[in-house]
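Each remark here refers to the structure printed beneath this line.
In my numbering, the protein residues as written are 1 to 114.
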C-alpha cells in the first residue's frame, strides 16, 4: 500500500484533530505534546506535517526555547517537546495554563492546509 500524503486527504479533513488525537503536559518549564494518528495510514501525514517550523509557527509566541520532534512509529505518533514555554513551570508560572494541559487540544484545532 502506498503511503498517503497531505494532498491525498479529502476536503472533509480540515484540522489536525480530524486525523489525530493529542495529549500534553508539563515537563518542568517545557511542554510535551504527543500527537497520535487516528488511523495507522495517516501516520505519514503527521510525519509530513509536524515539523519544528510548523510547531514554531503555531506556538512561537509562547515557546522561547528549542523545539524537538521525535517520531514514535510503533504507536503511529509524533512527540513534540517545546522548551522554555511555561515561564518557569507549573508552580511558578503566571500563564493561564501553567502545566500545558490544554496545548495538545489547541494543537488539534490547527488547520491541515494553509
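Note that beta-carbon positions come from the ideal geometry of N, C-alpha and C, so glycine has one too.
Whose CA, out of the options, lies closest to the CA of residue i?
i, options, result
"residue 29", "112, 107 and 62", "62"
"residue 124", "69, 77, 50 and 64", "Outside the modelled stretch of the chain, which goes from 1 to 114, sits residue 124, for which no answer is possible."
"residue 8", "31, 41 and 17", "41"
"residue 20", "39, 59, 85 and 33", "39"
"residue 85", "47, 110 and 31", "31"
In or out: residue i buried (at least 16 other Cβ within 10 Å) or exposed?
i, result
"residue 72", "exposed"
"residue 76", "buried"
"residue 26", "buried"
"residue 24", "buried"
Is residue i helix, strand or coil by DSSP?
i, result
"residue 29", "coil"
"residue 34", "strand"
"residue 107", "helix"
"residue 113", "coil"
"residue 102", "coil"
"residue 7", "helix"
"residue 46", "helix"
Less than 8 Å separating the beta-carbons of residue i and residue j?
i, j, result
"residue 105", "residue 37", "no"
"residue 14", "residue 108", "no"
"residue 78", "residue 50", "yes"
"residue 6", "residue 35", "no"
"residue 56", "residue 67", "yes"
What does residue i pair with, by DSSP beta-bridge criteria?
i, result
"residue 71", "78"
"residue 20", "37"
"residue 15", "111"
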